[in-house]
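As structure tokens, the structure follows; a few thoughts come after it.
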Amino acid sequence: MNRPKIFLWSALFFSLAVAVFISPFASSRPDGLEKVAETHGFSEKGETAAWRFPVFPDYEWKSARNPFVNAAVAGGSGTLLAGLAAWILGKLLSKRNRAR
Amino acid sequence: MHIPDGFLSGPVNLAAFAVSAAAVGLAVKKTNGDPNEKEVPLMGVCAAFIFAAQMLNFPIAGGTSGHFLGALFAAILLGPWAGILVMVTVLAIQCLIFSDGGLTAVGSNVLNMGIVGGFGGFWAFRFLLGLLPRSPKSFYAASGLAAWLSVTAASVACALELAWSGTSPLRIVLPAMIGVHAVIGVGEAVITCCALSAISKLRPDLLSAYLPVRGESGAIHEQA
Numbered sequence: 001m002n003r004p005k006i007f008l009w010s011a012l013f014f015s016l017a018v019a020v021f022i023s024p025f026a027s028s029r030p031d032g033l034e035k036v037a038e039t040h041g042f043s044e045k046g047e048t049a050a051w052r053f054p055v056f057p058d059y060e061w062k063s064a065r066n067p068f069v070n071a072a073v074a075g076g077s078g079t080l081l082a083g084l085a086a087w088i089l090g091k092l093l094s095k096r097n098r099a100r
Numbered sequence: 001m002h003i004p005d006g007f008l009s010g011p012v013n014l015a016a017f018a019v020s021a022a023a024v025g026l027a028v029k030k031t032n033g034d035p036n037e038k039e040v041p042l043m044g045v046c047a048a049f050i051f052a053a054q055m056l057n058f059p060i061a062g063g064t065s066g067h068f069l070g071a072l073f074a075a076i077l078l079g080p081w082a083g084i085l086v087m088v089t090v091l092a093i094q095c096l097i098f099s100d101g102g103l104t105a106v107g108s109n110v111l112n113m114g115i116v117g118g119f120g121g122f123w124a125f126r127f128l129l130g131l132l133p134r135s136p137k138s139f140y141a142a143s144g145l146a147a148w149l150s151v152t153a154a155s156v157a158c159a160l161e162l163a164w165s166g167t168s169p170l171r172i173v174l175p176a177m178i179g180v181h182a183v184i185g186v187g188e189a190v191i192t193c194c195a196l197s198a199i200s201k202l203r204p205d206l207l208s209a210y211l212p213v214r215g216e217s218g219a220i221h222e223q224a
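Listed in order, the protein sequences are those of chains E and C. Take 1 as the starting number for the first sequence in the working numbering and just add one per residue. Take 1 as the starting number for the second sequence in the working numbering and just add one per residue.
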């Protein structure tokens, strides 16, 4: 494997490791906007989501008993999905594809 | 800073969606035929990294947390147009699969975090880079400062949308949003500089537009 490929695979595995092993320990405090909404009394406005079919609502797989497993599965899947989607988008826009 | 459904009014969401759709359309047009075989996998890995890093909420003062945004990082690595497309991909997945950011507010979220954060941040980065002498120190100073600005500017856009929607008066929501995101922006600056520094060591060619690359012979090559 050449250097660019090694870099890409390492970066992907690093991202995946972050999502699977570190994200379950992320702070569960409200984020900046959520905190402002709580402090200034408009957080209840955002309680009903328009989209009803999230696979991993709130970054959680709901099927395992262990919350760390739930967070790891959701995080890992999302990371791979984001990578795959952007790769497909790049592929569709690439030179070779346009030349065809 | 992902806005859920219900925070913003219909007209504000619609206007933000129109602006975002136009910008994303332009980004597709500008990028079309551009990515080569090297850049396509880089777009994927960049999106994976940003998604993973955005999950790492770090605690800040006052019972609040913040997380990496990555819009400026993507713009520096891939260019501002491909950077916007990567941000849109991440934001769309967060909205549809993870219910992070409302479906009705997706245009506003793309506008704040992808376009104001990414494009605005990149513009600030280029501006700062132009003011400073050309050196690695200047590159990191411009990256860090622009990363901080990108988060703070995105929070200003978010505050304006909340005020225009009648959700909270501007005199309250603007200082509150800037206050908390000025702190989160410091985290953004640190993570952006660390990630860029790692890339400069592992794949210096990816940053050759900004940093001198030392060739195999030891000679320094600079790209204009």
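Ideal Cβ positions, reconstructed from N, Cα and C, are used throughout, including at glycine. This structure is a prediction, so every number in the text was calculated from the model and none was measured.
Query raised in the report: Is it a yes or a no for the stretch 14-25 of chain E touching the stretch 37-53 of chain E, going by three-plus beta-carbon pairs under 8 angstroms?
Result: no
Requested in this report: Return the CA-CA distance between C/N13 and C/L103, expressed in angstroms with no decimal places.
Outcome: The residue given as residue 13 of chain C occupies position 13 in the second sequence. The residue given as residue 103 of chain C occupies position 103 in the second sequence. C/N13 and C/L103: Cα-Cα distance of roughly 10 angstroms.
Query - Length of the line joining the Cα atoms of E/E34 and E/N2 - result: The count along the first sequence starts at 1 and reaches residue 34 of chain E at position 34. The count along the first sequence starts at 1 and reaches residue 2 of chain E at position 2. Between E/E34 and E/N2, the C-alpha separation is close to 45 angstroms.
Query raised in the report: C/R203 versus chain E: which residues are under 8 angstroms apart at the beta carbon?
Result: On the second sequence, position 203 is the one that residue 203 of chain C refers to. Within chain E, the residues near C/R203 are R3, P4, F7.
Query raised in the report: Per DSSP, what kind of secondary structure is C/S150 in: helix, strand or coil?
Result: Taking the second sequence and counting its residues from 1, the one referred to as residue 150 of chain C is at position 150. Looking at C/S150 - three-state DSSP - the assignment turns out to be helix.
Query raised in the report: So which residues of chain C does E/R65 contact, with C-beta pairs closer than 7 angstroms?
Result: As a position in the first sequence, residue 65 of chain E is number 65, starting the count at 1. None at all; the shortest Cβ gap to chain C is about 21 angstroms.
Query raised in the report: Are the C-beta atoms of C/G102 and some chain E residue less than 7 angstroms apart?
Result: Counted from its first residue, the second sequence places residue 102 of chain C at position 102. Yes, contact with chain E.
Query raised in the report: Between the Cα of C/L72 and the Cα atoms of C/S9, C/E188, C/N36, which residue gives the shortest distance?
Result: Your numbering for residue 72 of chain C matches position 72 in the second sequence. Comparing Cα-Cα distances from C/L72 to each of C/S9, C/E188, C/N36, the minimum goes to C/E188.
Query raised in the report: Does E/V36 come within less than 7 angstroms of chain C when only Cβ atoms are used?
Result: Looking up residue 36 of chain E in the first sequence gives position 36. Yes, E/V36 counts as interfacial toward chain C.
Requested in this report: Output the distance between the C-alpha atoms of C/C194 and C/V180, rounded to the nearest integer angstrom.
Outcome: Along the second sequence, one-based indexing puts residue 194 of chain C at 194. Along the second sequence, one-based indexing puts residue 180 of chain C at 180. Cα-Cα distance, rounded: 22 angstroms.
Query raised in the report: Should E/N70 go down as buried or exposed, given a rule of 16 or more other Cβ atoms within 10 Å for buried?
Result: For this step, residue 70 of chain E is matched to residue 70 along the first sequence. Its Cβ being crowded by 16 or more others within 10 Å, E/N70 is buried.
**Report entry** Residue closest to C/F98, alpha-carbon to alpha-carbon, out of E/L92, E/A50, E/L93, E/K95
**Finding:** Along the second sequence, one-based indexing puts residue 98 of chain C at 98. With distances taken between Cα atoms, C/F98 lies closest to E/A50.
Requested in this report: Return the CA-CA distance between C/L174 and E/K95, expressed in angstroms with no decimal places.
Outcome: The count along the second sequence starts at 1 and reaches residue 174 of chain C at position 174. The count along the first sequence starts at 1 and reaches residue 95 of chain E at position 95. Their backbone Cα atoms lie some 44 angstroms apart in a straight line.
Query - CA-to-CA distance, E/V18 to C/Q223, given in whole angstroms - result: In the second sequence, residue 223 of chain C corresponds to position 223, counting from 1. In the first sequence, residue 18 of chain E corresponds to position 18, counting from 1. Reliability of the predicted coordinates at C/Q223 is poor, the pLDDT of 48 falling under 50, and no value is obtained from them.
Query raised in the report: Considering only C-alpha positions, which residue in the set E/G32, E/S28, E/K62, E/L93 is nearest to C/A82?
Result: Counting from 1 along the second sequence, the entry for residue 82 of chain C is found at position 82. The option with the nearest alpha carbon to C/A82 is E/L93.
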